[in-house]
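Below is one structure, written out as structure tokens; the observations come after it.
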Amino acid sequence: KQEVTQIPAALSVPEGENLVLNCSFTDSAIYNLQWFRQDPGKGLTSLLLIQSSQREQTSGRLNASLDKSSGRSTLYIAASQPGDSATYLCAVSHSNYQLIWGAGTKLIIKP
Amino acid sequence: DGGITQSPKYLFRKEGQNVTLSCEQNLNHDAMYWYRQDPGQGLRLIYYSQIVNDFQKGDIAEGYSVSREKKESFPLTVTSAQKNPTAFYLCASSKRTSGRDTQYFGPGTRLTVL
């Protein structure tokens, strides 16, 4: 059974720092891996989707990597800003519809 | 503007009552999903629908029911059989259910049992 883990559960860093969020999964047979952002009490916003054949995706200050063989993905945020404060969730997709979710990392960027 | 709307934003239910959460999308997506989110846990799938008049149970369907009479709408009913319904409920849609398409989420409904 696929399990997705995100460590740490919470992270606080000063503004301007570069940071990495981690996501690990137990079954490498995935279609894709997605990173989402969730603001408090709100829905989720898709940030990046990496297909299983890809190694990374970039959008602005965000870069997500995927290493299927080791069951890991990282989300790199460059030059962090207070507006980046949110919970970041990763999810993996299998051969059917279903996304398997991590519990998220709550990120706080201190001004 | 294309998107997903959920209503109400907050919902309070007395024990023994059924309540219905609304989800509407104008993205022309075929697939729609209902998730439950509890503190410190990942999202859990309740039901999903690939096409009109068809839907399948997810991991935690007990105590919930859905319908898909229109492509744009996928309401969720939380029945009195759901023993612990207090949670944040999220509706999502995607172009297809192939697992290759990103899912787009509504703003959520927070349900509290009094």
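So the sequence lines, in the order shown, correspond to chains D and Y. The first sequence begins at 86 in our numbering and counts up by one. The second sequence begins at -6 in our numbering and counts up by one. Just so you know, even glycine gets a beta-carbon here, dropped at the ideal spot from N, CA and C.
Scanning the region 145 to 173 of chain D from its first residue to its last, the whole beta strand (DSSP E) runs of 3-plus residues come out as 147 to 152, 157 to 162. Within the region 6 to 20 of chain Y, not one residue has a Cβ closer than 9 Å to any Cβ of chain D.
Note that the C-beta distance between D/A188 and Y/G35 is below 8 Å. Taking a Cβ-Cβ threshold of 7 Å, the residues of chain Y close to D/Q183 are L38, in chain order.
The beta-carbon distance between D/Q87 and D/V177, rounded to whole angstroms, is 7 Å. This is short enough to meet the 8 Å contact definition. Here the alpha carbon of Y/L38 sits roughly 8 Å from the alpha carbon of Y/A54. Sorting D/L184, D/Q166, D/N103, D/S154 by C-alpha distance to the C-alpha of D/L160 places D/N103 at the top.
Following the DSSP letters along the chain, one finds Y/R89 in no beta strand (DSSP E), marked with neither H nor E. For Y/D47, the closest alpha carbon among the candidates Y/M25, Y/Y57, Y/N11 is that of Y/M25. Our two residues, Y/Q(-1) and Y/F98, have alpha carbons roughly 9 Å apart in a direct line. Positions of the beta strand (DSSP E) runs, each at least 3 residues long and wholly inside the region 60 to 86 of chain Y, are given as 69 to 71 in order along the chain. Of all residues in the region 126 to 146 of chain D, those with a C-beta nearer than 8 Å to a C-beta of chain Y are G126, K127, G128, L129, T130, S131, L134, Q136, reading in chain order. In terms of Cβ geometry, Y/I44 and Y/D23 form a close pair [threshold 8 Å]. Taking C-beta atoms as the reference points, D/S150 and D/E141 count as a pair closer than 8 Å. Beta-bridge partners of D/V105 (DSSP): D/Y161. Below the 7 Å Cβ cutoff, chain D contributes G128, L129 as neighbours of Y/F98, in chain order. Taking 8 Å as the upper bound for CB-CB distance, D/Q119 and D/A171 are not in contact here, some 15 Å apart. Residues of chain D whose Cβ lies closer than 9 Å to the Cβ of Y/L104 do not exist; the shortest such Cβ separation is about 13 Å.
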